[in-house]
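Peer 1: Plus 519 on top of the position in the sequence shown (first one is 1) and you've got my numbering.
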Amino acid sequence: MMTDELIDRIVAEVCRRLQAESPSQSPSQSPSQSLPSPPPGPRVLALFTGGDQRLAEATSAVMDLVRAGSEVKIVCTESAVGILGPHRVEQLAAVGELIATCTEQTLYGLVHWSEVVAVPVLTQNTLAKAALGIRDSMASNLLAGAILMGRRIVVCPDSAVPAQAPAPYRTMLTGYLDRLRDYGAAVVQVGDLAGAVLDLPTPSQSCGTVRRPLVSAAEVESAARSGQTSLAVEPGAIVTPLARDLCRDLGITLIEVRPDEGRDTRATR
């Protein structure tokens, strides 16, 4: 469970990094004046099933959500705990409450608490059960509860629809994904998970608050893999600490681009 001490340490580290990157301030300026807090993110219930694809990116996406202001609780099936391994399980447990076993009543309580249910590594088994309304496991019960309670759902199908599958089998799986879309789920690649979750409407947005775009570690890694040396970001975008560290390590320069002008401001971050 995420303790008050751990929360304070995370907040202190984010503030320290922001202060190090911001222009020097006059003595009359207070920290709160120079470092406005980002709007809180939605409450996210992250479900890890037994998929084995892009686990590092999936873990980073959950950590990015926490850094962007979301409160996250993580449900791991028994097979997911084994596939994630001790190191990734420890990483997840450090940023949010991690639940490996729970009663059906507790499970529905978690869904009721959440604003968004995210599945960073959706498996074929869970996909098929969710699409067909089968409820015989912790994962299928959680997704059924999310659908029935009208929760926003974001799923990443990297482990659910393998590219090498025979065409008829792949057609069946993509049909199940289409059915999830019919239920209201957003289907995205794992590198886009954090951005998709944060872009969804929240109570703060309904009051007129505009959520700032997010630059995640996965986005920086993708740019580096494609040979890019710079990455365009919108002015005011949230750059997670992990993404900023990767930019430094991988030699990626962040360049602010105003979308309405279609050109960059030549301001690096």
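Idealized CB from N, CA, C, for every residue including glycine. Quantities reported herein were computed from a predicted structural model and do not represent experimental measurements.
LEU646 and TYR695: beta carbons closer than 7 Å?
Peer 2: Yes, they are a contact pair.
Peer 1: So if DSSP puts ILE771 in a beta bridge, which residue, or which two residues, is it bridged to?
Peer 2: In DSSP, ILE771 forms no bridge with anything.
Peer 1: Just the C-alpha distance for GLU623 and MET657, rounded to the nearest angstrom, thanks.
Peer 2: C-alpha separation (whole angstroms): 8 Å.
Peer 1: Are ALA737 and SER589 closer than 7 Å when you measure CB to CB?
Peer 2: No; because the gap between Cβ atoms is not below 7 Å, this pair is not in contact.
Peer 1: At the level of alpha carbons, what is the spacing between ASP764 and MET582?
Peer 2: Their Cα atoms are separated by approximately 14 Å.
Peer 1: Assuming GLY566 contacts VAL638 under a Cβ cut-off of 8 Å, what Cβ separation, rounded to an integer in Å, is found between them?
Peer 2: In the sequence as presented, Gly is not what sits at residue 566; that position holds Leu. Contact holds; Cβ gap of about 5 Å.
Peer 1: What are the partner residues of CYS595, as DSSP defines its beta bridges?
Peer 2: Paired residue(s): PHE567.
Peer 1: Going by DSSP in three states, VAL707 sits in which element: helix, strand or coil?
Peer 2: Coil.
Peer 1: Could you check what DSSP says for ARG763 in three-state terms: helix, strand or coil?
Peer 2: Reduced to three states, the DSSP call for ARG763 is helix.
Peer 1: What residues match up with VAL739 in a beta bridge as DSSP calls it?
Peer 2: Beta-bridge pairing links VAL739 to no other residue.
Peer 1: When DSSP builds the beta bridges, which residues end up paired with ARG671?
Peer 2: Partner(s): VAL635.
Peer 1: VAL716 lies in the beta strand (DSSP E); which residues open and close that run?
Peer 2: That residue, VAL716, is in no beta strand (DSSP E); its alpha helix (DSSP H) goes 712 to 718.
Peer 1: Which residues mark the beginning and the end of the alpha helix (DSSP H) in which LEU646 is found?
Peer 2: From DSSP, the alpha helix (DSSP H) with LEU646 extends over 643 to 651.
Peer 1: According to DSSP, simplified to helix, strand and coil, what is ALA663?
Peer 2: Reduced to three states, the DSSP call for ALA663 is helix.
Peer 1: Starting from ALA751, follow the alpha helix (DSSP H) in both directions and report where the run begins and ends.
Peer 2: Where ALA751 is concerned, there is no enclosing alpha helix (DSSP H), although the beta strand (DSSP E) it sits in stretches over 749 to 752.
Peer 1: Give me the residue from GLY601, ARG586, ILE774 and TYR627 with the minimum Cα distance to ALA613.
Peer 2: Closest option to ALA613, Cα to Cα, is ARG586.
Peer 1: When the distance is taken between beta carbons, is ILE774 closer than 7 Å to ALA751?
Peer 2: Taking 7 Å as the Cβ cut-off, ALA751 and ILE774 qualify as a contacting pair.
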